[in-house]
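Asker: Read top to bottom, the protein sequences are chains A and B. Going letter by letter, the first sequence gives residues 144 to 260 in our numbering. Going letter by letter, the second sequence gives residues 591 to 703 in our numbering. Glycine is no exception: its CB is placed at the ideal position from the N, C-alpha and C atoms.
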Amino acid sequence: GAVVSQHPSWVICKSGTSVKIECRSLDFQATTMFWYRQFPKQSLMLMATSNEGSKATYEQGVEKDKFLINHASLTLSTLTVTSAHPEDSSFYICSARGTSGRSDTQYFGPGTRLTVL
Amino acid sequence: KQEVTQIPAALSVPEGENLVLNCSFTDSAIYNLQWFRQDPGKGLTSLLLIQSSQREQTSGRLNASLDKSSGRSTLYIAASQPGDSATYLCAAYLMDSNYQLIWGAGTKLIIKP
Numbered sequence: 144g145a146v147v148s149q150h151p152s153w154v155i156c157k158s159g160t161s162v163k164i165e166c167r168s169l170d171f172q173a174t175t176m177f178w179y180r181q182f183p184k185q186s187l188m189l190m191a192t193s194n195e196g197s198k199a200t201y202e203q204g205v206e207k208d209k210f211l212i213n214h215a216s217l218t219l220s221t222l223t224v225t226s227a228h229p230e231d232s233s234f235y236i237c238s239a240r241g242t243s244g245r246s247d248t249q250y251f252g253p254g255t256r257l258t259v260l
Numbered sequence: 591k592q593e594v595t596q597i598p599a600a601l602s603v604p605e606g607e608n609l610v611l612n613c614s615f616t617d618s619a620i621y622n623l624q625w626f627r628q629d630p631g632k633g634l635t636s637l638l639l640i641q642s643s644q645r646e647q648t649s650g651r652l653n654a655s656l657d658k659s660s661g662r663s664t665l666y667i668a669a670s671q672p673g674d675s676a677t678y679l680c681a682a683y684l685m686d687s688n689y690q691l692i693w694g695a696g697t698k699l700i701i702k703p
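1. Could you list which residues in chain A have their beta carbon closer than 7 Å to that of GLN647 (chain B), in chain order?
2. Can you pull the chain B neighbours of ARG180 (chain A), defined as C-beta to C-beta under 9 Å?
3. Consider the Cβ of LEU639 (chain B): report whether some Cβ of chain A lies at a distance smaller than 8 Å.
4. Just the chain B side, please: which residues come within less than 8 Å of ILE236 (chain A) by C-beta, in chain order?
5. Report the neighbours of PHE210 (chain A) on chain B: residues whose CB is nearer than 9 Å to its CB, in chain order.
6. So PHE171 (chain A) is in the beta strand (DSSP E); what residue range does that whole segment cover?
7. Here's the rule: buried if 16 or more other CB atoms are within 10 angstroms of the residue's CB, otherwise exposed. What is HIS214 (chain A)?
8. Taking 8 Å as the threshold, find out whether the segment 179 to 186 of chain A comes into contact with the segment 692 to 703 of chain B through three or more Cβ pairs.
9. What in chain A is Cβ-close to TYR621 (chain B), meaning under 8 Å?
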């Protein structure tokens, strides 16, 4: 139980285009989802926290207009990187906290590698 | 502000040795602590979750301990194997409404055959 999927697993796009990454909780309802990014050889950096049905809370230094987060249902959150540039190339990981199983822990997706040319 | 530190940043040991990875946190008011493994270019694999009321958890050759009073957690790996080579991350859960995680920078472990 408590499986989180991400799609796509990797994406390559041209500079200036927008990319949408999906995060789904497959067997539980995720009341809270988290989006992280990870640069090579660095740890995870929390970008934003979203509770279902409300606006995401962004961490300091993360541009909310550039990284659009939608958590419209209890099983799906999306991160859209708008007008992507090479410096946005990174590994993006989502996690979910739900109402079943352990509600006090996060379950992680496998990550999405974004490369912006 | 909670900070999580992992020492050493990198460790290389011969196969078969027992080893300990360290994780320290500045604020003892954490909820749970979790150890993860990450292979190069891959996502996270949860290894062990220690609840705030527990002192240790074991899974196979892995044993994780938690001492909240001293702000320390250790991950013990017995009889290390080349397949254990990976980056090991510890993360502490804050006692906030979202159970936010604070991450260590990780220890890169290399097991030499």
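Answerer: Judging by the given coordinates:
1. Chain A residues near GLN647 (chain B): none, gap ~13 Å exceeds 7 Å.
2. Correct list: empty, because the minimum Cβ distance to chain B is about 12 Å.
3. Closer than 8 Å to some Cβ of chain A, the Cβ of LEU639 (chain B) qualifies, so yes.
4. GLY633 and LEU634
5. Within 9 Å Cβ-Cβ: nothing; PHE210 (chain A) doesn't reach chain B, min ~18 Å.
6. Counting along the chain, PHE171 (chain A) falls outside any beta strand (DSSP E), and DSSP gives it neither H nor E.
7. Counting Cβ neighbours within 10 Å, HIS214 (chain A) comes out buried, since at least 16 surround it.
8. yes
9. ASP247
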